[in-house]
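**Q** Would you mind keeping the following structure in view while I ask a few things?
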Amino acid sequence: MVLYAFLCIAAAVFIGGLGVRIWAYAATPVPLRIPVTPAPLTRSGVVMRLFWEVVLFRSLFNASKWTWLFGWAFHATLLFVLLTHLRYFVQPAWMWLGLVQDLGGYAGLAMVAALVALAGRRLFVPRISAVTAPSDYLALALLIAIGLSGLAMKFVFHTDIVAVKAFALGLVYLDPQPLPLDPFLIIHLSLVAVLLVVFPFSKLLHGAALFFNPTRNQPDDLRESRYAPRITRNGVPAARSDTA
Ligand code: HEM
Ligand code: HEM
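Numbering (our numbering), first residue to last: 2 to 245.
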């Protein structure tokens, strides 16, 4: 019951925090054109740029192949693991969820391996550890601990999945249900609650922030709509004009 309340509060903080942070990003004035070049010239070009950033982490690929490999592998497997978790929250579970479920364990193993590699990069590459804050390690440690506790349930200390599903549906419909008192399940869910609370207020928000990043979301149309003082008929410059 305590964990149920904790998860409900964490979910509320997550949704509210996400809303507040995204609102703040959207309301921040961006008076200057500062796209990183070479940049697309049109809005549809920007959509494609963001698409490849989100799906393939293109600029990270250009910057560092090893970080890209482990970073991309982590995000892809995280997405996969979260998809397999959907089966706890939808009733009746969709057909395709059964298909991805069997691969969830492998995705979980790959996810933790990629996270350990990312942590190793922060610990052992001097150039990176110099710019690493304790919160960077904590985020990685939190995700590794969630992954390991999940894997422990998947492969060794099995839990009552039917009861977990009833509990998870109880979270969605605000109808508290008992949770099996398995240590790894309690650890897994407590850490997930911590993740939900810190997510909107930490660097973990970078996925949402990307869409509001002016170096990535602006077309390079500076020359088409530039500052160009126009001289009025009596020879006095007009205050300002944006020529289209
Ligand atoms: C309220 C939300 C969640 C619930 C109820 C939940 C529950 C579970 C359960 C019961 C298992 C064991 C699966 C089995 O035995 O077949 C598991 C595994 C796992 N969980 Fe979670 N979990 C939640 C959120 C998360 C989140 C947010 C992450 C990642 C950040 C995560 C990562 C994992 C991993 C990597 C595994 C092992 C691989 C797998 O079974 O897919 N879980 N989880
Ligand atoms: C649209 C969604 C997302 C995108 C496009 C995205 C993109 C990225 C990129 C490009 C990096 C590499 C940054 C760098 O080192 O230069 C990164 C790192 C990372 N992301 Fe994400 N991300 C997304 C969502 C998430 C989510 C939902 C989580 C966790 C819950 C997450 C956790 C992390 C972690 C732990 C790192 C590694 C940081 C490190 O090197 O220590 N990301 N992400």
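Heads up, the beta-carbon is just placed ideally off N, CA and C, and yes, glycines get one too. Just so you know, these numbers come straight off a predicted model, no measurement behind them.
Rounded to whole angstroms, what's the CA-CA distance from residue 172 to residue 139? Just pull it up for me.
**A** What you label residue 172 is simply residue 171 of the sequence shown in a count that begins at 1. What you label residue 139 is simply residue 138 of the sequence shown in a count that begins at 1. Their backbone Cα atoms lie some 27 Å apart in a straight line.
**Q** In chain order, what residues of the same chain have a beta carbon less than 7 Å from the beta carbon of residue 193, not counting five sequence neighbours either side?
**A** Within the sequence shown, the letter at position 192 stands for residue 193. Within the same chain, residue 193 has close Cβ partners 147.
**Q** Residue 160 by DSSP, collapsed to three states: which one?
**A** Indexing the sequence shown from 1 puts residue 160 at position 159. Three-state result, residue 160: coil.
**Q** Nearest-angstrom Cα distance between residue 242 and residue 209?
**A** By 1-based counting over the sequence shown, the position of residue 242 is 241. By 1-based counting over the sequence shown, the position of residue 209 is 208. For residue 242, the pLDDT reaches just 47, beneath the cut-off of 50, and the residue's location in the model is therefore unreliable, although a value from the coordinates is still provided. Cα to Cα, residue 242 sits roughly 34 Å from residue 209.
**Q** Say whether the region 155-168 touches the region 210-226, bearing in mind that this needs 3 or more beta-carbon pairs closer than 8 Å, one atom from each stretch.
**A** No: fewer than three Cβ pairs fall under 8 Å.
**Q** Taking the alpha helix (DSSP H) that residue 10 belongs to, which residues open and close that run?
**A** Counted from its first residue, the sequence shown places residue 10 at position 9. Taken as a continuous stretch (DSSP letters only), the alpha helix (DSSP H) holding residue 10 covers 3-28.
**Q** What number of angstroms, rounded off, separates the C-alpha of residue 144 from the C-alpha of residue 167?
**A** In the sequence shown, counting from the first residue as 1, residue 144 sits at position 143. In the sequence shown, counting from the first residue as 1, residue 167 sits at position 166. Distance between the alpha carbons of residue 144 and residue 167 is about 24 Å.
**Q** List the endpoints of the continuous alpha helix (DSSP H) containing residue 199.
**A** Residue numbering aside, residue 199 sits at position 198 when the sequence shown is read from its first letter. Where residue 199 is concerned, the enclosing alpha helix (DSSP H) stretches over 184-199.
**Q** Just checking residue 225 against ligand 2 - is the residue's beta carbon closer than 8 Å to any of the ligand's heavy atoms?
**A** Residue numbering aside, residue 225 sits at position 224 when the sequence shown is read from its first letter. No, Cβ of residue 225 sits at least 8 Å from all heavy atoms of ligand 2.
**Q** For residue 37, name the three-state secondary structure that DSSP assigns.
**A** Stepping through the sequence shown from its first residue, residue 37 is reached at position 36. Coil at residue 37, not helix or strand.
**Q** Kindly examine ligand 3 and report whether one of its heavy atoms sits closer than 8 Å to the Cβ of residue 76.
**A** As for ligand 3, it is missing from this structure, which binds only ligand 1 and ligand 2.
**Q** Just the Cα atoms here: how many angstroms apart are residue 203 and residue 73?
**A** The sequence position of residue 203 within the sequence shown is 202, counting from 1. The sequence position of residue 73 within the sequence shown is 72, counting from 1. Their backbone Cα atoms lie some 20 Å apart in a straight line.
**Q** Expressed to the nearest angstrom, what Euclidean distance is found between the alpha-carbon atoms of residue 78 and residue 225?
**A** Here the question's residue 78 lines up with position 77 in the sequence shown. Here the question's residue 225 lines up with position 224 in the sequence shown. Near 42 Å, if we compare the C-alpha coordinates of residue 225 and residue 78.
**Q** In the structure shown, what three-state DSSP assignment does residue 137 receive?
**A** For the purposes of this step, residue 137 is taken as residue 136 along the sequence shown, with counting starting at 1. Residue 137 falls in the helix class under three-state DSSP.
**Q** Taking the C-alpha atoms as reference points, what is the distance between residue 70 and residue 134?
**A** Taking the first residue of the sequence shown as 1, we reach residue 70 at position 69. Taking the first residue of the sequence shown as 1, we reach residue 134 at position 133. Going from the Cα of residue 70 to the Cα of residue 134 covers about 22 Å.
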